[in-house]
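Visitor: Dumping the structure here so I can ask a few things about it.
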Amino acid sequence: MNGHSNGKISNTVEDYNRNEKKCFGDLAVEMKKSAVICEQEFSRKKTEDESRLPAIEAAYSIILRELGEDTDRQGLLRTPLRAAKAMQFLTKGYHENVNDILNDAIFDEDHDEMVIVKDIDMFSLCEHHLVPFFGKVHIGYLPNQKVVGLSKLARIVEIFSRRLQVQERLTKQIATAVSEALQPKGVAVVIEAAHMCMVMRGVQKINTRTVTSTMLGLCREDPKTREEFLSLTMR
Amino acid sequence: MERALPTQQKDAEATGELNGLFDAMMRKPGGRPGQAPPTSSSSSCSVTESWREVRTRSVEDNEMSLPSLATAYTSILRGLGEDPQRQGLLKTPRRAATAMQFFTKGYQEKIIDVMNDAIFDEDHDEMVIVKDIDMFSMCEHHLVPIFGRVHIGYLPDKRVLGLSKLARIVEIYSRRLQVQERLTKQIAVAITEALKPAGVGVVIEATHMCMVMRGVQKMNSKTVTSTMLGVFREDPKTRDEFLTLIRG
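Taken in sequence, the protein lines are chains A and B.
The opening residue of the first sequence carries number 19 in the numbering used here; numbering runs sequentially from there.
The opening residue of the second sequence carries number 92 in the numbering used here; numbering runs sequentially from there.
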């Protein structure tokens, strides 16, 4: 058992009772309580969402009318509701908390080589024009005895991208979240995205991509580490 | 704009050729200009609009609607739990309103304005194709972008159209709240009414952000729609030629 056991597995419950001065059964109750609290919070946020829906829906009806459309035609009858729900989905990151998704999935692992999760699809909303921008996120980190479940990196991207964002801030938020959760030796995040506000309107350049990066720790200080990350992610 | 708008008189020669499409449009109950438009129940029998229809919006309308659009966007920001007073969001309502007006500027434009000068008599009866026209539209169900490519082909009947005008027709119809099927048909019908060619084919391949960013969330899915009129519909070889040429 990788040196973690001293052979006294059967005494675990008694040890716990003795050390924590609680009953093991209390622990189960506590865990259930926090699960219930999580559920309650989730349903509170859901109720909050539902209570705000009519106002957003009304705003969309006004928008359709002011754009010169006929709000009574068949295709647009339920559009305000659909658009309001879509907008709430696209900004659901405000309700989510990095700790909630990360807490269980940090593992002690004796690994000190770079770990990279790349090509994470990302969809966000430009906070200046309320128009989508989307692209790929590449995350790399140098563990310091702690690694994180790989999908959790993608979940961190989801939390921060499903908000009204600016690409620079998004990149930094992801890097900071990984850094705070794992305390690794270094973190690198690169985002390459297409901004519909530049493609569909304004300057209308179809093939442009915006690339932003945040390098923390060794990824910032050591050029070789940075280069390794960049050559493994940028084809 | 999907209200049933009044149609003009059509040439008799145009009616028989395109599988009754024009007949259906002519039989559509409509008023004359100046009358109130028909109710939405009667408009549902015609999916397409005449290329001579009036504009439903003007640049002045845009200026006048901007304040209420901006107010609506402010309440959306508040409803989402954001703080409209923070620095990044201060001018967002106005920017978003202007952006949305741009995404629906097709309502301000008329086909006849872009096309009238650029129809030329040319003794050419082989297929003309303009392909890979980038298209950006808005899903009318979720108000989220649709983007893709449009391929247009037509068999001229002694009249050809300036090539960029095909792209301009795409712009007019795509910069609206749309459904991909309707957009395809509108482009095809506009070209048919303007040029009276032997046949028209339009294929659109697009990605719908409403399917990619939300809902079923399938990143790589594409929707393909097509409209074939005239010989493109009747003659499989012509259709084949068109489809092969746009694929290459």
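Using N, Cα and C, we set each Cβ at its ideal position, and we do this for glycine too.
All of these numbers come straight from a predicted model, not from anything done at the bench.
1) If you count every other CB in all the chains shown that lies within 10 Å of the CB of M191 of chain B, and 16 or more means buried, which is it?
2) Which first and last residues belong to the alpha helix (DSSP H) in which D60 of chain B is found?
3) Report the rounded CA-to-CA distance for G339 of chain B versus Y245 of chain B, giving the unit in angstroms.
4) Is the beta carbon of R330 of chain B sitting closer than 8 Å to the one on L286 of chain B?
5) Taking 7 Å as the cut-off, is the beta-carbon of K136 of chain A closer than that to any non-hydrogen atom of the ligand SAM?
6) Using a C-beta cutoff of 8 Å, does G93 of chain A count as contacting chain B?
7) Grab the span of the alpha helix (DSSP H) containing L154 of chain B for me, first residue to last.
8) Going by DSSP, what residue range makes up the beta strand (DSSP E) through K164 of chain A?
9) Does any residue of chain B have a CB that is nearer than 8 Å to the CB of F125 of chain A?
10) Once you ignore the five residues that flank L157 of chain B on each side, which residues in its own chain have a CB closer than 8 Å to its CB?
11) Could you tell me which whole alpha helix (DSSP H) segments of length 4 or greater appear in the region 167-196 of chain A?
12) Say whether chain B places a C-beta atom closer than 8 Å to the C-beta of G111 of chain A.
13) Taking a contact to mean a Cβ-Cβ separation below 8 Å, would you say V196 of chain A touches P161 of chain A in this structure?
14) Show which residues of chain B have a CB atom less than 9 Å away from the CB atom of V184 of chain A.
15) Around the C-beta of I224 of chain A, are 16 or more other C-beta atoms found within 10 angstroms, so that it is buried, or is it exposed?
16) Looking only at DSSP bridge pairs, what is P236 of chain B linked to?
17) Could you check what DSSP says for T228 of chain A in three-state terms: helix, strand or coil?
18) Please list, in chain order, the residues of the region 148-159 of chain A that have any C-beta partner in chain B closer than 9 Å.
19) Please check if any C-beta of chain B sits within less than 8 Å of the C-beta of E210 of chain A.
20) Please report the straight-line C-alpha distance between P241 of chain A and A73 of chain A, rounded to a whole angstrom.
21) What does E173 of chain B touch in chain A if you count any residue whose Cβ is under 7 Å from its own?
22) Taking the straight line between their C-alpha atoms, what separation do you get for Q126 of chain B and F151 of chain A?
23) Could you tell me the alpha carbon to alpha carbon distance between S69 of chain A and E325 of chain B, rounded to whole angstroms?
24) Can you tell me where the alpha helix (DSSP H) holding L336 of chain B begins and where it ends?
25) Who are S265 of chain B's beta bridge partners in DSSP?
26) If you check the beta carbons only, do L95 of chain A and E87 of chain A fall under 8 Å apart?
27) Assuming T189 of chain B is part of the alpha helix (DSSP H), what are its boundary residues?
28) Suppose the cutoff is 7 Å on Cβ atoms and the five residues either side in sequence are ignored; what does the same chain contact list for M302 of chain B look like?
29) Buried or exposed: T226 of chain A, going by 16 or more other Cβ atoms within 10 Å of its Cβ?
30) With H, G and I counted as helix, E and B as strand and the rest as coil, what does DSSP make of D42 of chain B?
31) In the DSSP output, what is F141 of chain A paired with across the bridge?
32) Where do the N-terminal and C-terminal ends of the alpha helix (DSSP H) with A211 of chain A fall, by residue?
Guide: A quick look at the data gives this:
1) buried
2) Residue 60 of chain B lies beyond the range of chain B shown here (92 to 339); nothing can be said about it.
3) 17 Å
4) no
5) Inclusion of the ligand SAM in the displayed structure is not the case, the ligand content being empty and no account of it being possible.
6) yes
7) Going by the sequence as given, residue 154 of chain B is Glu instead of Leu. Counting along the chain, the alpha helix (DSSP H) containing E154 of chain B begins and ends at 150-170.
8) 164-166
9) no
10) R185, A188, T189, Q192
11) 168-179
12) no
13) no
14) G179
15) exposed
16) B:M229
17) strand
18) L148, V149, P150, F152
19) no
20) 51 Å
21) L182
22) Model confidence at Q126 of chain B stands at a pLDDT of 38, short of 50, so the residue's coordinates are unreliable; what they give is reported in the following sentence. Each residue's alpha carbon lies about 44 Å from the other.
23) 55 Å
24) 327-338
25) Looking at the DSSP assignment, S265 of chain B forms no beta bridge with any residue, so it has no partner.
26) no
27) 183-194
28) K309, S312
29) exposed
30) Past the boundaries of the shown model lies residue 42 of chain B; chain B is included only from 92 to 339, so the question cannot be answered.
31) A:F152
32) Note, A211 of chain A: premise wrong, no alpha helix (DSSP H); beta strand (DSSP E) at 204-213.
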